[in-house]
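Visitor: Mind having a look at this structure? Questions to follow.
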Amino acid sequence: MCFHVSQVKKEKELEKRFDAAFEYDGIYEPYYHFNGWENKSLYIITQDDPYIIKPSYWGLMPNNIDISERKNYLGNWNTLNARSERVLESSLFRKPTLENRCLILVSGFFEPHQFQGKKYPYFIRCKNQEAFAMAGIYNHLEDDIYTASILTTTANDYFKRVHNNPNRQGQYRMPIILDKSEEIEWLNPDLKEGDIKEQMMFSFTKEDFEDYPVSKDLFSNKIDSDRADIVEPFYYAEMHTLF
């Protein structure tokens, strides 16, 4: 599952990469590390406004829940991610999947990697270090507030190697990272339910990724890990021991 992301690209870089403009001046605040339970913003491009980049809270919420209840809601119903295989069967996720799809713009994300029984945070990014889009769904609440979830799927061999500890169901997961050629289609309002299922199954990016360990400060709630060195490689001697 994906609960930690990074977005360090400059405003103009994102606008050029996604052929879209930020909704308002001054709304973009890049970050090295965003833990999904914090109150930073994801940056999304919505199905109903495909040339505008908007801020969104992370974790889709129903329209009848006030954003002030976000912390309690996520504590009870962690919606930072949504399983693509089940969203169309969900009372919360079905309508957004059919009508409110979005691109979630990131420059990288973090996953735990297990080595000799211990967990180490790894940073994952495109080898070309370009920003990319995860498939997302959103709700538009009152006061022009957006909430969004990242769609996940069964991990491929690469991501299974990085995030190598299965969940409680014995499954390995990864976020759906859209291929550039599929980004506009994901926002297509005319997609039928069958088309959307195909998109979730077959639109994964062809880009190459790289990964490396980073500081365990990423795991700490007592240390500010939103800092430049958190996306830099960190050397763990025990991971380089030769037998």
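Heads up, the sequence shown is in the numbering used here, so the first residue is 112 and it goes up one at a time. All residues carry an ideal CB built from backbone N, CA and C; glycine is no exception.
1. From the DSSP output, read off the bridge partner residues of Tyr323.
2. Taking its Cβ as the centre, do 16 or more other Cβ atoms sit within 10 Å of Trp188, making it buried, or is it exposed?
3. Write down the C-beta distance between Asn276 and Gln225 rounded to the nearest angstrom, noting that I regard them as a contact closer than 8 Å.
4. Quick check on the burial criterion: 16 or more other C-beta atoms within 10 angstroms. Buried or exposed for Ser202?
5. Would you mind listing the beta strand (DSSP E) stretches within the region 140–185 that are 3+ residues and don't spill past its ends, in chain order?
6. Checking 8 Å against the spacing of the C-beta atoms, do Trp297 and Leu199 come in under that value?
7. Reducing DSSP to helix, strand and coil, say where Met285 ends up.
8. Please classify Arg272: does DSSP put it in a helix, a strand, or coil?
9. What residue range does the beta strand (DSSP E) around Gln227 cover?
10. Given a cut-off of 8 Å on the beta-carbon distance, is the pair Asp337 and Tyr142 in contact?
11. Taking only three categories from DSSP, how would you classify Gln310?
12. My output table needs one value for Val342: the three-state DSSP class, helix, strand or coil.
13. Using the Cα positions of Tyr347 and Ser195, report the straight-line distance between them to the nearest angstrom.
14. Hey, Ile295 and Met245 are a contact pair by Cβ (cut 8 Å); roughly how many whole angstroms apart?
15. Are the CB atoms of Phe220 and Val116 within a distance shorter than 8 Å?
Guide: To lay it out plainly:
1. Phe234
2. exposed
3. 4 Å
4. exposed
5. 142–146, 153–157 and 160–169
6. no
7. strand
8. helix
9. No beta strand (DSSP E) contains Gln227, which DSSP labels as neither H nor E.
10. yes
11. helix
12. helix
13. 35 Å
14. Contact flag wrong, Cβ pair sits at about 15 Å.
15. yes
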